[in-house]
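Protein chains in written order, with the numbering used here: chain A, 1 to 487; chain B, 1001 to 1097.
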């Protein structure tokens, strides 16, 4: 019999609704997993066992009374620790926010609660979402469940690791330059970065606000569509939220890609992309052709400049967004409390932020400073326009763009952490979706050296349906998503 | 300009000061090295001709959003709970002038 912790959100919510299992016993099965495995994986920073069990009992009692329940009835969700949760510590994996208890819920959390989901806890991440490995967390790295000596990807590494190790049924992450898709690829989960503006960012602690979106990390495409249906749609509290009402993304899940035109950009298979990664992606392309889609080689000439432009923009926005952390109203405050405001402020930020966060703030400050503004920041924004034009042009001829999510297989913890530029290079294939705002998903597409490879599928803005349909069709006709790590 | 030393250590110190981030002397050396490597890589954007190309600050058109001037749920004293130092209902700050 399927264990409760193995079930998808779709299955467990149905069983809870039909009173075949109680939300409480289902939660106990997850807490057992967490207690057994999270010591070595370290996916969670905070687990709210009592709060979650209380909520589960409330849901069970609602069902017994015959009340109607939301679409995520009883489903346990792990939430990345840069998404504000009222009454629960929200740390951003930073010493700066180590003891910060959010006084309000992010809109996505309000929507999860309204759908009767249960918040299980907060997951580990790179500090302020700045990283590709979850190694920059103040609380220590998360380990890849497939091989504990490898990185799980980042920055939403805790969310992906929790989902694939069945410590949580589904999770939320955030994606600024690949932070959902990268760990999805490295942990063999489904991970979607929605179109910019589709999901409210209210309550998402800002790193680079023009690039980031909250999105689901799940074990099946169906759960991804379910979660997106709950969190998506316009929000008055976010001025960058587009006036689109929430949709039911499950209705587009058909096992059918006949006639779909898929573009494979040559730049996604170029220098720096490992053979071990290319092979499963090309196998996936063959699969899509077998299923009735057609694959076409295309070119995105400005791809070569995407990474530099992305980092300059992200760091510039970060330097501004993180200016608010002075340790005064909340956050880390140095005990040595003397000197003027500037001195105290600088000390708090020295001790409160890790090296990568400080590096990015300093680089961003540099790129925005007088004399360099045009050369770096403005130039990057113009290149962003050119990259957008390239993708717009490509999408006139194809319905989807496909390639690897990550250029290399998961690597060892500690292997690249001392060389920031080497780490940035890992984001080369994921940043275009953030610069353009286009939606993109990563789905499991095979294994090499017992490590997962993720297939990235990008679509037109607000056309999550076609992405999800292609991902669903691929999943229905392959078995990669059924594999679980040997814990 | 020497390619590997685009930004001298004095400038890194100055930028860190502007960003209100104290650096140890070891970090000043390390960050200078890393910043120069990273900026070296970034300089490839200069290869692109961007004459007459408008910048994209945001991928969607931003318009001001207004809401009705109606009182909604207030956070009350909750935000004060996170303050490291406070007095009564006030945040306590270091000397500003």
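All residues carry an ideal CB built from backbone N, CA and C; glycine is no exception.
{"Item": "Could I get the ranges of all uninterrupted alpha helix (DSSP H) runs contained in the stretch 319–382 of chain A, with 4 residues as the minimum, in chain order?", "Value": "341–352, 355–368"}
{"Item": "For residue 172 of chain A, report the span of its beta strand (DSSP E) as first-last.", "Value": "170–175"}
{"Item": "Does the distance from the C-beta atom of residue 52 of chain A to that of residue 85 of chain A stay below 9 Å?", "Value": "no"}
{"Item": "Using the Cβ count rule (16 or more neighbours within 10 Å means buried), how would you classify residue 140 of chain A?", "Value": "exposed"}
{"Item": "Buried or exposed for residue 1066 of chain B, going by 16 or more other Cβ atoms inside 10 Å?", "Value": "exposed"}
{"Item": "Touching or not, the stretch 221–240 of chain A and the stretch 198–212 of chain A, by the rule of three or more beta carbon pairs under 8 Å?", "Value": "yes"}
{"Item": "Just to make sure I have the definition right: I need the residues of chain B whose C-beta is within less than 8 Å of the C-beta of residue 378 of chain A. Which are they?", "Value": "1055"}
{"Item": "Chain A beta carbons: is any one of them nearer than 9 Å to that of residue 1044 of chain B?", "Value": "yes"}
{"Item": "Only counting runs of 3 or more residues, tell me where the beta strand (DSSP E) segments fall wholly within the stretch 207–256 of chain A, in order along the chain.", "Value": "213–218"}
{"Item": "Here's a check: name, in chain order, each residue in its chain whose Cβ is nearer than 7 Å to the Cβ of residue 390 of chain A, leaving out the five neighbours to either side.", "Value": "300, 301, 302"}
{"Item": "With 16 other CB atoms within 10 Å as the buried threshold, where does residue 307 of chain A fall?", "Value": "buried"}
{"Item": "What are the boundary residues of the beta strand (DSSP E) that includes residue 47 of chain A?", "Value": "44–47"}
{"Item": "Does the contact criterion of 3 or more C-beta pairs under 8 Å hold for the stretch 420–439 of chain A versus the stretch 242–252 of chain A?", "Value": "no"}
{"Item": "Check whether the Cβ atoms of residue 470 of chain A and residue 260 of chain A sit closer than 9 Å, and answer yes or no.", "Value": "yes"}
{"Item": "Are residue 227 of chain A and residue 77 of chain A touching if we call contact CB-CB under 9 Å?", "Value": "yes"}
{"Item": "Is DSSP giving residue 261 of chain A helix, strand or coil here?", "Value": "strand"}
{"Item": "So residue 442 of chain A is in the beta strand (DSSP E); what residue range does that whole segment cover?", "Value": "440–448"}
{"Item": "Tell me which residues share the same chain as residue 466 of chain A and place their Cβ nearer than 7 Å to its Cβ, disregarding the 5 neighbours each side in the sequence.", "Value": "399, 400, 459"}
{"Item": "Could you spell out where the beta strand (DSSP E) holding residue 193 of chain A opens and where it closes?", "Value": "190–193"}
{"Item": "Rounded to the nearest angstrom, what separates residue 183 of chain A and residue 66 of chain A at their Cα positions?", "Value": "40 Å"}
{"Item": "If we ignore side chains and look at the alpha-carbon of each, how far apart do residue 379 of chain A and residue 435 of chain A end up?", "Value": "14 Å"}
{"Item": "Starting from the Cα of residue 1074 of chain B, find the closest Cα among A:104, A:98, A:74, A:96 and give me that residue.", "Value": "A:104"}
{"Item": "Is there a Cβ of chain B sitting closer than 9 Å to that of residue 99 of chain A, yes or no?", "Value": "yes"}
{"Item": "Is there a Cβ of chain A sitting closer than 9 Å to that of residue 1067 of chain B, yes or no?", "Value": "yes"}
{"Item": "Under a three-way DSSP split, which group does residue 458 of chain A fall into?", "Value": "strand"}
{"Item": "Classify residue 1009 of chain B as helix, strand or coil using the three-state DSSP reduction.", "Value": "helix"}
{"Item": "Excluding sequence positions up to five away, which residues of its chain have a Cβ less than 7 Å from the Cβ of residue 232 of chain A?", "Value": "194, 198, 199, 246, 247"}
{"Item": "Should residue 482 of chain A be listed as close to the ligand GDP, given that the test is whether its C-beta is under 8 Å from any heavy atom?", "Value": "This structure does not include the ligand GDP; it has no bound ligands of any sort."}
{"Item": "Give a yes or no on whether 9 Å exceeds the smallest Cβ distance from residue 1008 of chain B to chain A.", "Value": "no"}
{"Item": "DSSP has residue 148 of chain A in a bridge; who is on the other side?", "Value": "Answer is none; residue 148 of chain A lacks a bridge partner."}
{"Item": "Looking at the unbroken alpha helix (DSSP H) that takes in residue 402 of chain A, where does it start and where does it end?", "Value": "No alpha helix (DSSP H) holds residue 402 of chain A; the beta strand (DSSP E) holding it covers 400–404."}
{"Item": "From which residue to which residue does the alpha helix (DSSP H) around residue 182 of chain A run?", "Value": "181–187"}
{"Item": "Measure the CB-CB distance between residue 10 of chain A and residue 222 of chain A and report whether it falls below 9 Å.", "Value": "yes"}
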